[in-house]
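Here is the structure we will look at, set down as structure tokens.
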Amino acid sequence: MNCPVCRDVALAMTERQGVEIDYCPKCRGVWLDRGELDKIIEKSFAQQGAPSPAEPRHDEHSGAHHGYRRKSWLSDIFD
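Mapped onto my numbering, the consecutive letters of the sequence shown carry residue numbers -2 to 76.
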């Protein structure tokens, strides 16, 4: 499959932490198939021991619900 941005460059495929990732060697764009982003997110939260995004944490002080977010979870995959 060719890069949707570059059009004339074939996507390369790599596997990181059990997830197949398609990327363009020219523009460095990354494309994921259906369900692959969910796998990446689940693995990221499992490594941290944090609740999954499907289970938002509750802030006891304000009564607000906040999703847990890590600043650079994609860096774990592409390092």
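In this text, a Cβ means the ideal position worked out from N, Cα and C, and glycines have one as well.
Listed as beta-bridge partners of residue 17 by DSSP are 12. In its chain, beyond the 5 residues on either side, no residue has a beta carbon closer than 7 Å to the beta carbon of residue 1. If you check the CB distance, residue 33 and residue 16 come in under 8 Å. Secondary-structure assignment with DSSP links residue 7 through a beta bridge to -1. Across the structure, residue 44 and residue 29 are spaced so that their CA atoms are roughly 21 Å apart. The shortest C-alpha to C-alpha distance from residue 31 to any of 19, 41, 24, 4 is the one to 19.
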